[in-house]
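The sequence shown begins at 464 in our numbering and counts up one residue at a time.
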Amino acid sequence: MGIHGLIYQVAQGEAGKRLTRYTLSIVPQLSYLALRTNQRIFQHLTVPQIVAQVLQERGVQANAYQFRLGPTVYPERDYCVQYDESDLHFVQRLCEEEGIHYHFQHSTQGHVLVFGDDQSAFGELGQPTADLQDNGMTADEPVIKRFAVRLETLTSRTTRRDYDFEQPRLLMEAAFKQERDLEAKPLPDLEDYDYPGRFVDRTRGKHLSQRNLERHRADYRLAEGRGDQPKLVSGHFLELSDHPRGDYNDLWLLHEVIHQGKQPQVLEESVTSHTDVSDGFTQGYRNHFSATPWGRPTSHH
Numbered sequence: 464m465g466i467h468g469l470i471y472q473v474a475q476g477e478a479g480k481r482l483t484r485y486t487l488s489i490v491p492q493l494s495y496l497a498l499r500t501n502q503r504i505f506q507h508l509t510v511p512q513i514v515a516q517v518l519q520e521r522g523v524q525a526n527a528y529q530f531r532l533g534p535t536v537y538p539e540r541d542y543c544v545q546y547d548e549s550d551l552h553f554v555q556r557l558c559e560e561e562g563i564h565y566h567f568q569h570s571t572q573g574h575v576l577v578f579g580d581d582q583s584a585f586g587e588l589g590q591p592t593a594d595l596q597d598n599g600m601t602a603d604e605p606v607i608k609r610f611a612v613r614l615e616t617l618t619s620r621t622t623r624r625d626y627d628f629e630q631p632r633l634l635m636e637a638a639f640k641q642e643r644d645l646e647a648k649p650l651p652d653l654e655d656y657d658y659p660g661r662f663v664d665r666t667r668g669k670h671l672s673q674r675n676l677e678r679h680r681a682d683y684r685l686a687e688g689r690g691d692q693p694k695l696v697s698g699h700f701l702e703l704s705d706h707p708r709g710d711y712n713d714l715w716l717l718h719e720v721i722h723q724g725k726q727p728q729v730l731e732e733s734v735t736s737h738t739d740v741s742d743g744f745t746q747g748y749r750n751h752f753s754a755t756p757w758g759r760p761t762s763h764h
């Protein structure tokens, strides 16, 4: 699959008799938008249109990003202001307001920025990966060695209110609530209230309230794990198998994957390898990851 990006930083480290250590930081092209700040106005454009315009102005070509959006119709914004914020923050803010998420698809030739508003925007890794729970056995194939799930108390209701000067007596309010948890037990009423809600009709207000609640509760049930399966990529579905808890053997959306590899035998003795042996990991490959159930709505944080 490969990992692709732009070299953002190069740093020289320790030097040996023949070799010198260097550290490279690689980032997606989108990261460069954080280095440009602007103040301007967009008129009569939808959020996807505004985002596309900002990307193209900053050199992100049309073949380097995709919008895989569902049936939701995004209305034109009469007036949208980028005020003293970076292009990256501006794009992220608009996506957050509309409930649009993004991830990257990598290959050895390039990386593509993918925007979506439902689960269909994410890809699958392919064959299932077995869970062995650190049982001491040596696996013939890459496996998940630890997989644990935690639940967290989060916002359970979002309310948005606005004002229509043409109809001042009309109550412009929309709310969306999660009534019960996974075990059908009532949830505490924990409200996120916001005014103005940036909508002119209740249908739009209801949509924004729902997307905001989905954003709050996206990681209500979060799994954390580790293993040696190198194919794990954020923004893709992991299919777990052979876990002792049968309900965990399902699709999980990977939010973050931290890859770690060590090959100290290629270094000179005089060049330190920064090998921390406190956890017994001296060479090879491993990863840590976090994921949520495939059926959970995913919005940009």
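All C-beta atoms, glycine included, are put in the ideal place defined by N, C-alpha and C.
Pair within 8 Å by beta-carbon distance, residue i and residue j
{"i": "residue 527", "j": "residue 465", "result": "no"}
{"i": "residue 657", "j": "residue 623", "result": "yes"}
{"i": "residue 662", "j": "residue 653", "result": "no"}
{"i": "residue 546", "j": "residue 561", "result": "no"}
{"i": "residue 554", "j": "residue 504", "result": "no"}
{"i": "residue 583", "j": "residue 531", "result": "yes"}
{"i": "residue 614", "j": "residue 680", "result": "no"}
{"i": "residue 501", "j": "residue 550", "result": "yes"}
{"i": "residue 753", "j": "residue 647", "result": "no"}
Beta bridge counterpart(s) of residue i as assigned by DSSP
{"i": "residue 475", "result": "485"}
{"i": "residue 543", "result": "505"}
{"i": "residue 609", "result": "689"}
{"i": "residue 593", "result": "704"}
{"i": "residue 625", "result": "635"}
{"i": "residue 684", "result": "614"}
{"i": "residue 662", "result": "Answer is none; residue 662 lacks a bridge partner."}
{"i": "residue 718", "result": "Its beta-bridge partners do not exist; DSSP assigns none."}
Three-way DSSP call (helix, strand, coil) for residue i in this model
{"i": "residue 530", "result": "strand"}
{"i": "residue 708", "result": "coil"}
{"i": "residue 535", "result": "coil"}
{"i": "residue 553", "result": "helix"}
{"i": "residue 468", "result": "coil"}
{"i": "residue 490", "result": "strand"}
{"i": "residue 657", "result": "strand"}
{"i": "residue 694", "result": "coil"}
Classification of residue i by the beta-carbon crowding that lies within 10 angstroms, buried from 16 upward
{"i": "residue 764", "result": "Confidence in residue 764 is poor, its pLDDT being 48 and thus under 50, which makes the residue's placement too unreliable to answer from."}
{"i": "residue 626", "result": "exposed"}
{"i": "residue 565", "result": "buried"}
{"i": "residue 660", "result": "buried"}
{"i": "residue 724", "result": "exposed"}
{"i": "residue 629", "result": "exposed"}
{"i": "residue 507", "result": "exposed"}
{"i": "residue 744", "result": "exposed"}
{"i": "residue 677", "result": "buried"}
Minimum Cβ-Cβ distance from residue i to chain B less than 8 Å
{"i": "residue 602", "result": "In summary, chain B is missing from the structure at hand, where a single protein chain is found."}
Handout entry: Touch test, the segment 468 to 475 against the segment 487 to 500, Cβ-Cβ under 8 Å, three pairs minimum
Key = The answer is yes - the segment 487 to 500 touches the segment 468 to 475, with three or more Cβ pairs under 8 Å.
Handout entry: Contact between the segment 711 to 722 and the segment 690 to 701 (3+ Cβ pairs under 8 Å)
Key = Output reads yes: the segment 690 to 701 touches the segment 711 to 722.
Practice task
Decide if the segment 667 to 684 is in contact with the segment 581 to 589; the criterion is three or more beta carbon pairs, one per stretch, under 8 Å apart.
Solution key: Not touching, per the Cβ criterion.
Problem - Segment contact, 8 Å Cβ cut-off, at least three pairs: the segment 744 to 757 with the segment 680 to 690 - result: Contact holds: three or more Cβ-Cβ distances are below 8 Å.
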